[in-house]
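Step one of this worksheet: look at the structure below.
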Amino acid sequence: MNALTQQIQQFIRYLQIEKNASQHTVDSYRADIELFVSFARSQGVCEAIFENITSVLIRAYLADLKQKEYARTTIARRIASLRSFFRFLCREELIAGNPFTAIHTPKLAKRLPSFLDLREVTELLGLPAPNPLGYRDAAILELLYASGLRVGELVGLSLSDVDRESQYLLVYGKGAKERIVPVGRVALNALQRYLTHSRSVLYAKWKNEPHQKLFVNSKGGPLTDRSVRRIVDKYVTMLSLHKKVSPHTLRHTFATHLLNNGADLRSVQEMLGHVNLSTTQLYTHITKDKLKTVYSNAHPRA
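The opening position of the sequence shown corresponds to residue 1 in my numbering, with each subsequent residue numbered one higher.
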């Protein structure tokens, strides 16, 4: 194994062990680093040893990405991945300085999160059929909407993470941070129906190592985030929504509906697991109808 490969492998282990990053995050970082290495080699940096990387080469890489018309979000993500990687190399004293210190991430236009209105989400949640897979799908959709979970958080839930009596979920978020999230009565009923009539039936098919994951696939194994995306896509297609809807859309819908109905921003931040309140504040920009109603009802000359 050459020095370059060793350095990448050390960083990957750091992400997996110290940062407890998801496999999706690890794969994204690895891909971003390998694409940069490939570019460095094409520019004559022999074996692309990272101590030989300069800010001049990085700017040439940025110019190449722009010339190939990559989206600003893609460029920003790649630079963020490389900045983290080189920060790690400096920390481990594998290189003397971080060439990404002087590199600025391109400014991104703030995109407002898409969300479903109450009628749309109600119709979506009512689509799963009354059979083992349908009960599972209903519980998944209800939990995504009721608790604002990320997909990775949903598939990471174990049976012991659900406190049905107190109506709470123990959720493991980004960076291995734990949080307690309330779950509503309707979602709990859907979850109970799944556990009673579905999970045991599906899990009985599982012949491999036993597991305690809450949600299982059709063969009884742990459900993956990709499978959850396919499940959501299936019901969105059935509903014929002319919107781009993903599991994250239900997270956006959760936050928007809470704020529209009077929840305070700090509580929503806590439930979403956002580190910064500014991230949660983005949802306040999509409640213009609510603001207009408040204004009309409250202002003497409205």
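For each residue, glycine too, the CB sits at the ideal point set by N, CA and C.
Everything numeric in this text was worked out from a predicted model, so none of it was measured.
- prompt: Considering only the beta carbon of each residue, do residue 256 and residue 269 sit closer than 9 Å?
  reply: Position 256 of the sequence shown, counted from the start, is the residue given in the question as residue 256. Position 269 of the sequence shown, counted from the start, is the residue given in the question as residue 269. No, the Cβ-Cβ distance between residue 256 and residue 269 is not below 9 Å.
- prompt: In angstroms, rounded to a whole number, what distance separates the CA positions of residue 61 and residue 128?
  reply: Counting from one through the sequence shown, the residue named residue 61 turns up at place 61. Counting from one through the sequence shown, the residue named residue 128 turns up at place 128. Spanning the two alpha carbons is a distance of roughly 47 Å.
- prompt: Thinking just about the alpha-carbon of each residue, which of 20, 224, 82, 116 is nearest to the one in residue 30?
  reply: On the sequence shown, position 30 is the one that residue 30 refers to. When C-alpha distances from residue 30 are compared across 20, 224, 82, 116, the shortest belongs to 82.
- prompt: With contact counted as at least three CB pairs below 8 Å, one residue from each stretch, are the stretch 75-93 and the stretch 4-19 in contact?
  reply: Short answer: they touch.
field: Inter-residue spacing [alpha-carbon to alpha-carbon] between residue 186 and residue 6
entry: On the sequence shown, position 186 is the one that residue 186 refers to. On the sequence shown, position 6 is the one that residue 6 refers to. So the alpha carbons of these two residues sit roughly 50 Å apart.
task: Please list, in chain order, all residues of the same chain as residue 235 whose beta carbon is under 8 Å from its beta carbon, the five residues on each side excluded.
output: Against the sequence shown, residue 235 aligns to sequence position 235. These residues qualify, in order along the chain: 124, 127, 128, 137, 141.
message: For a test of the three-state rule: what should DSSP assign to residue 150, helix, strand or coil?
response: One-based indexing of the sequence shown puts residue 150 at position 150. It is coil, neither helix nor strand.
task: Pair every Cβ in the stretch 168-179 with every Cβ in the stretch 192-203, then say whether three or more of these pairs are closer than 8 Å.
output: With a cut-off of 8 Å, the stretch 192-203 and the stretch 168-179 do not count as touching, because too few Cβ pairs lie within range.
query: Going by other Cβ atoms of all chains shown within 10 Å of its Cβ, with 16 needed for buried, is residue 297 buried or exposed?
result: If you number the sequence shown from 1, residue 297 lands on position 297. Counting the other CB atoms within 10 Å of its CB gives residue 297 a total below 16, which places it among the exposed residues.
field: residue 115 versus residue 95: straight-line alpha-carbon distance, rounded
entry: On the sequence shown, position 115 is the one that residue 115 refers to. On the sequence shown, position 95 is the one that residue 95 refers to. In this structure, the CA atom of residue 115 is about 45 Å from the CA atom of residue 95.
- prompt: Should residue 118 go down as buried or exposed, given a rule of 16 or more other Cβ atoms within 10 Å for buried?
  reply: Locating residue 118 in the sequence shown gives position 118, counting from the first residue. Exposed is the call here.
task: Label residue 260 either buried or exposed according to how many other C-beta atoms from any shown protein chain fall within 10 Å of its C-beta, with 16 as the threshold for buried.
output: As a first step, residue 260 must be located in the sequence shown, where it is residue number 260. By the beta-carbon neighbour count (other beta carbons within 10 angstroms, threshold 16), residue 260 is buried.
message: Can you list, in chain order, the residues of its chain with a C-beta nearer than 8 Å to that of residue 164? Leave out the 5 residues immediately preceding and following it.
response: As a position in the sequence shown, residue 164 is number 164, starting the count at 1. 188, 191, 192.
message: Alpha carbons only, please: which of 67, 54, 145, 266 is nearest the one belonging to residue 183?
response: As a first step, residue 183 is located in the sequence shown; it is residue number 183 there, counting from the start. It is 145 whose Cα lies nearest to the Cα of residue 183.
task: Look up residue 91 in the DSSP assignment and say whether it is helix, strand or coil.
output: Here residue 91 refers to the residue found at position 91 when the sequence shown is read from its first residue. In the structure shown, the three-state DSSP call for residue 91 is helix.
- request: Pull up the DSSP beta-bridge partners for residue 182, would you.
  value: Within the sequence shown, residue 182 is the residue found at index 182, counting from 1. Bridge pairing for residue 182: 168 [DSSP].
message: Within a Cβ cutoff of 6 Å, which residues of the same chain sit near residue 250, ignoring the five residues on either side of it in sequence?
response: Translated into positions along the sequence shown, residue 250 becomes position 250. Its chain contains 144, 145 as the residues whose beta carbon lies nearer than 6 Å to that of residue 250, once the 5 sequence neighbours on both sides are disregarded; these appear in chain order.
query: What are the start and end residues of the alpha helix (DSSP H) that includes residue 30?
result: Here residue 30 refers to the residue found at position 30 of the sequence shown. First-last of the alpha helix (DSSP H) with residue 30: 23-42.
message: Can you tell me whether residue 71 is buried or exposed? The criterion is at least 16 other CB atoms within 10 Å of its CB, across all chains shown.
response: In the sequence shown, counting from the first residue as 1, residue 71 sits at position 71. Residue 71 comes out exposed.
- prompt: Any idea which residues DSSP pairs residue 222 with across the strands?
  reply: Numbered from 1 along the sequence shown, position 222 holds the residue referred to as residue 222. Looking at the DSSP assignment, residue 222 forms a beta bridge with 216.
message: Does residue 79 pass the burial test, meaning 16 or more other C-beta atoms within 10 Å, or should it be called exposed?
response: Looking up residue 79 in the sequence shown gives position 79. Sixteen is the threshold: when 16 or more other Cβ atoms of the shown chains lie within 10 Å of the Cβ of residue 79, as they do, the residue is buried.
- prompt: How would you label residue 231, buried or exposed, when you count the other beta carbons within 10 angstroms and need 16 or more for buried?
  reply: Sequence index remark: in the sequence shown, residue 231 carries index 231 (1-based). Result: buried.
query: Expressed to the nearest angstrom, what Euclidean distance is found between the alpha-carbon atoms of residue 220 and residue 150?
result: For the purposes of this step, residue 220 is identified with residue 220 of the sequence shown, where counting begins at 1. For the purposes of this step, residue 150 is identified with residue 150 of the sequence shown, where counting begins at 1. Those two C-alpha atoms are separated by around 22 Å.
field: Range of the contiguous alpha helix (DSSP H) that encloses residue 66
entry: Counted from its first residue, the sequence shown places residue 66 at position 66. 55-67 is the extent of the alpha helix (DSSP H) around residue 66.
Beta-carbon proximity of residue 153 to residue 172, cut-off 9 Å: In the sequence shown, counting from the first residue as 1, residue 153 sits at position 153. In the sequence shown, counting from the first residue as 1, residue 172 sits at position 172. Going by C-beta atoms, residue 153 is nearer than 9 Å to residue 172.
task: Grab me the residues of residue 22's own chain with a C-beta within less than 7 Å of its C-beta, minus the 5 sequence neighbours each way, in chain order.
output: Within the sequence shown, residue 22 is the residue found at index 22, counting from 1. Cβ contact annotation for residue 22 (same chain, cutoff 7 Å, sequence separation greater than five): 152, in chain order.
- prompt: Using the beta-carbon count (16 or more within 10 Å), is residue 200 buried or exposed?
  reply: As a working mapping, residue 200 is identified with position 200 in the sequence shown. By the neighbour-count criterion, in which 16 or more other beta carbons inside 10 Å mark a residue as buried, residue 200 falls on the exposed side.
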